[in-house]
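**Q**
2 protein chains.
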Amino acid sequence: MNDFVGTERDPSRDAAPSEVGATLFAFLEAANHLRTRITEVLCRVGLSYPKYEVLRQLREAKEPLSLGALAECQQCARSNITQLVDRLEADGLVRRVQDPSDRRAVRAELTPAGATLAEQGAIQIAAVREEFEAAFTPAERKQLGALLDRIRF
Amino acid sequence: MNDFVGTERDPSRDAAPSEVGATLFAFLEAANHLRTRITEVLCRVGLSYPKYEVLRQLREAKEPLSLGALAECQQCARSNITQLVDRLEADGLVRRVQDPSDRRAVRAELTPAGATLAEQGAIQIAAVREEFEAAFTPAERKQLGALLDRIRF
DNA sequence: GCTTGAATGTTCAGGTATGAACGATTTCGT
DNA sequence: ACGAAATCGTTCATACCTGAACATTCAAGC
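Top line first, the protein sequences correspond to chains G and Y.
Just so we're aligned, residue 1 is where the first sequence starts under this note's numbering, counting upward by one.
Just so we're aligned, residue 1 is where the second sequence starts under this note's numbering, counting upward by one.
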């Protein structure tokens, strides 16, 4: 038998010395939970969160977007978008098209299959958003919104 | 010039139809911000967040922990811990030791260098925690804590 | 005592992310 | 008009993470 462990959740992390209320780590764990939830529902339509985010971006833009623009919106490195679009292209959800006005630029365009899946993903995500919002009264949601704004320090 | 883009932040995501207050996405963005902040400060002592978390676990346990126990606490796959410990071992921060009572088990043990770095990391993290808490009044922290508890749906 | 089943850590393949280096192109200052 | 600087996407090395498959070891039941 294992005589030292504590295999469950470890309590020490959230117990800041003599303090009441939300901790940094409770916050991060809640976010983890939400991300997991999103991953679960997207999985039902065969998408990962990063892939869905790219499709959503393209769907909402209603026109092909340059990879650089995608990287900016996703707040990630350009090289990440290169690979993500590689995989999306391999899945047949996206096409790379040349930008006629800038020969450096490459744009990503939704294929019909991509557009369909983007929509199905959006439906799944909407369900999670409703779940999330249903957990709070309108007043609480407003409260939470205000608290979230404080976090940029 | 690029005639279609919107290279800044895209506003469409947070604008749920006819709704006030916090959205799912505002929440996730706030969490991203915090994670970035943590990554920044840990970087100053040469640690990543995942590496720090393992060191913290070992530091707090005050004895070698089996890789399985680490995986449970970090809530991650066992194979992840295997690789993380590989890297920590390569960095000289951790040692693999045999468990005398179970020949399957492997335990991770802090080296002196690992213990030192764990402590330096903890100092950095404490600073972020204080930053976070300073952003709220005690009442708000309590409020936030209550709201976070609602998130498990 | 064996056999079966569970648990442990590793390996492998693949997805997601970063930053540095690169070649191709565009832009800008002069 | 031309050279320097900025921008674009890709490639590469690396980190982090997962799930499936695997060999080894342990625990239980008969």
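Using N, Cα and C, we set each Cβ at its ideal position, and we do this for glycine too.
Computed from a predicted structure; not experimentally measured.
Can a CB atom of chain Y be found closer than 9 Å to the CB of E133 of chain G?
**A** Mapped onto the first sequence, residue 133 of chain G falls at position 133. Judged by the 9 Å Cβ criterion, E133 of chain G is in contact with chain Y.
**Q** Can you give the beta carbon distance from V70 of chain Y to V54 of chain Y, rounded, assuming they're within the 8 Å contact cut?
**A** Your numbering for residue 70 of chain Y matches position 70 in the second sequence. Your numbering for residue 54 of chain Y matches position 54 in the second sequence. First, the residue type needs correcting, since residue 70 of chain Y is Leu and not Val in the sequence shown. 6 Å between Cβ atoms; contact.
**Q** Would you list, in chain order, the members of the stretch 136–147 of chain G that have their beta-carbon closer than 7 Å to a beta-carbon of chain Y?
**A** F136, P138, E140, R141, K142, Q143, L144, G145 and L147
**Q** Can you give me the C-alpha to C-alpha distance between Q124 of chain G and V41 of chain G, rounded to a whole angstrom?
**A** By 1-based counting over the first sequence, the position of residue 124 of chain G is 124. By 1-based counting over the first sequence, the position of residue 41 of chain G is 41. Near 6 Å, if we compare the C-alpha coordinates of V41 of chain G and Q124 of chain G.
**Q** Helix, strand or coil for A115 of chain G? Go by DSSP, reduced to three states.
**A** The residue labelled residue 115 of chain G in the question sits at position 115 within the first sequence. DSSP places A115 of chain G in helix when its eight states are reduced to three.
**Q** Buried or exposed: Q83 of chain Y, going by 16 or more other Cβ atoms within 10 Å of its Cβ?
**A** Position 83 of the second sequence, counted from the first residue, corresponds to residue 83 of chain Y. Q83 of chain Y is exposed by the Cβ-count criterion.
**Q** Please return the same chain residues whose Cβ sits closer than 8 Å to the Cβ of R107 of chain Y, not counting the five positions on each side in sequence.
**A** As a position in the second sequence, residue 107 of chain Y is number 107, starting the count at 1. Shown here for R107 of chain Y: same chain residues with a beta carbon closer than 8 Å to its own, the five before and five after excluded, namely P64, L65, S66, L67, R96, V97, Q98 and D99 in chain order.
**Q** Measuring straight from C-alpha to C-alpha, what distance separates N32 of chain G and S101 of chain G?
**A** As a first step, residue 32 of chain G must be located in the first sequence, where it is residue number 32. As a first step, residue 101 of chain G must be located in the first sequence, where it is residue number 101. Going from the Cα of N32 of chain G to the Cα of S101 of chain G covers about 42 Å.
**Q** In three-state DSSP terms, what is E109 of chain G?
**A** Taking the first residue of the first sequence as 1, we reach residue 109 of chain G at position 109. Strand, per DSSP.
**Q** So what's V41 of chain Y in DSSP terms, helix, strand or just coil?
**A** Here residue 41 of chain Y refers to the residue found at position 41 of the second sequence. Reduced to three states, the DSSP call for V41 of chain Y is helix.
**Q** For chain G, check one thing: does any of its Cβ atoms lie closer than 9 Å to the Cβ of Q75 of chain Y?
**A** On the second sequence, residue 75 of chain Y is found 75 positions in, with the first residue counted as 1. So yes, Q75 of chain Y belongs to the interface.
**Q** Would a C-beta distance cut-off of 9 Å place G92 of chain G and A118 of chain G closer than the cut-off?
**A** Translated into positions along the first sequence, residue 92 of chain G becomes position 92. Translated into positions along the first sequence, residue 118 of chain G becomes position 118. Result no, Cβ atoms of G92 of chain G and A118 of chain G do not sit closer than 9 Å.
**Q** One question on the structure: do F27 of chain Y and F153 of chain G come within less than 9 Å of each other, judged by their Cβ atoms?
**A** If you number the second sequence from 1, residue 27 of chain Y lands on position 27. If you number the first sequence from 1, residue 153 of chain G lands on position 153. Not in contact: F27 of chain Y and F153 of chain G (Cβ atoms no closer than 9 Å).
**Q** Count the other CB atoms, across all protein chains shown, that sit within 10 Å of the CB of Q57 of chain Y; report buried if there are 16 or more and exposed otherwise.
**A** Taking the second sequence and counting its residues from 1, one reaches residue 57 of chain Y at position 57. Q57 of chain Y is buried by the Cβ-count criterion.
**Q** Use the C-beta contact count for L47 of chain Y: other C-beta atoms within 10 angstroms, 16 or more gives buried, fewer gives exposed.
**A** For this step, residue 47 of chain Y is matched to residue 47 along the second sequence. So L47 of chain Y counts as buried.
**Q** Against chain Y, which members of the stretch 26–41 of chain G pass a CB distance test of less than 9 Å?
**A** A26, F27, L28, E29, A30, A31, N32, H33, L34, R35, R37 and I38
**Q** Please check if any C-beta of chain G sits within less than 9 Å of the C-beta of T23 of chain Y.
**A** Residue 23 of chain Y sits at position 23 when you count from the first residue of the second sequence. Yes - at least one Cβ of chain G is within 9 Å of the one on T23 of chain Y.
**Q** Between I81 of chain Y and chain G, is any beta-carbon pair separated by less than 9 Å?
**A** Mapped onto the second sequence, residue 81 of chain Y falls at position 81. No, because no Cβ of chain G sits closer than 9 Å to the Cβ of I81 of chain Y.
**Q** Tell me the DSSP secondary structure of Q75 of chain Y in three-state form.
**A** Taking the second sequence and counting its residues from 1, the one referred to as residue 75 of chain Y is at position 75. In this structure, Q75 of chain Y counts as coil in the three-state DSSP scheme.
**Q** Between which two residues does the alpha helix (DSSP H) harbouring R141 of chain Y extend?
**A** The sequence position of residue 141 of chain Y within the second sequence is 141, counting from 1. Counted as a single uninterrupted DSSP element, the alpha helix (DSSP H) harbouring R141 of chain Y occupies residues P138 to D149.
**Q** Spatial neighbours of C73 of chain G within its chain, please: CB distance less than 6 Å, with the 5 preceding and 5 following residues excluded, ordered by chain position.
**A** In the first sequence, residue 73 of chain G corresponds to position 73, counting from 1. These residues qualify, in order along the chain: Q57.
**Q** In the structure shown, what three-state DSSP assignment does L65 of chain Y receive?
**A** As a working note, residue 65 of chain Y is residue 65 in the second sequence. L65 of chain Y falls in the strand class under three-state DSSP.
**Q** Taking DSSP as the reference, what is the three-state secondary structure of R96 of chain G?
**A** Taking the first sequence and counting its residues from 1, one reaches residue 96 of chain G at position 96. Residue state, collapsed to three classes: strand.
**Q** Taking the beta carbon of K62 of chain Y as the centre, do at least 16 other beta carbons fall within 10 Å, making it buried, or is it exposed?
**A** Against the second sequence, residue 62 of chain Y aligns to sequence position 62. Exposed is the call here.
**Q** Assuming I151 of chain Y and A135 of chain G form a contact by the criterion Cβ under 8 Å, report the distance between their Cβ atoms to the nearest whole angstrom.
**A** For the purposes of this step, residue 151 of chain Y is taken as residue 151 along the second sequence, with counting starting at 1. For the purposes of this step, residue 135 of chain G is taken as residue 135 along the first sequence, with counting starting at 1. Contact holds; Cβ gap of about 6 Å.
**Q** Based on Cα-Cα distance, which residue from G:L147, G:T137 and G:G121 lies nearest to R44 of chain G?
**A** Translated into the one-based positions of the first sequence, residue 44 of chain G becomes position 44. Nearest Cα to R44 of chain G within the set G:L147, G:T137 and G:G121: G:G121.
**Q** If you run the structure through DSSP and keep just helix, strand and coil, what is D86 of chain Y?
**A** On the second sequence, position 86 is the one that residue 86 of chain Y refers to. DSSP places D86 of chain Y in helix when its eight states are reduced to three.
**Q** Compare the C-alpha of E130 of chain Y against each of Y:T23, Y:P50 and Y:R37 and name the closest.
**A** Residue numbering aside, residue 130 of chain Y sits at position 130 when the second sequence is read from its first letter. Closest by alpha carbon: Y:R37.
**Q** Could you check whether Y49 of chain G and R35 of chain G sit closer than 9 Å to each other, using their CB atoms as the reference points?
**A** Within the first sequence, the letter at position 35 stands for residue 35 of chain G. Within the first sequence, the letter at position 49 stands for residue 49 of chain G. Their beta carbons are under 9 Å apart, which means R35 of chain G touches Y49 of chain G by this criterion.
**Q** With 9 Å as the threshold, decide whether the Cβ of V85 of chain G is near any Cβ in chain Y.
**A** Counting from 1 along the first sequence, the entry for residue 85 of chain G is found at position 85. Not one chain Y Cβ lies under 9 Å of V85 of chain G.
**Q** Quick check on A90 of chain Y: buried or exposed, where buried means 16 or more other Cβ atoms within 10 Å of its Cβ?
**A** Here residue 90 of chain Y refers to the residue found at position 90 of the second sequence. Classification for A90 of chain Y: exposed.
**Q** Just tell me which of G:A105, G:L24, G:T116 and G:C76 has its CA closest to the CA of E60 of chain G.
**A** Counting from 1 along the first sequence, the entry for residue 60 of chain G is found at position 60. Nearest of G:A105, G:L24, G:T116 and G:C76 to E60 of chain G, Cα basis: G:T116.
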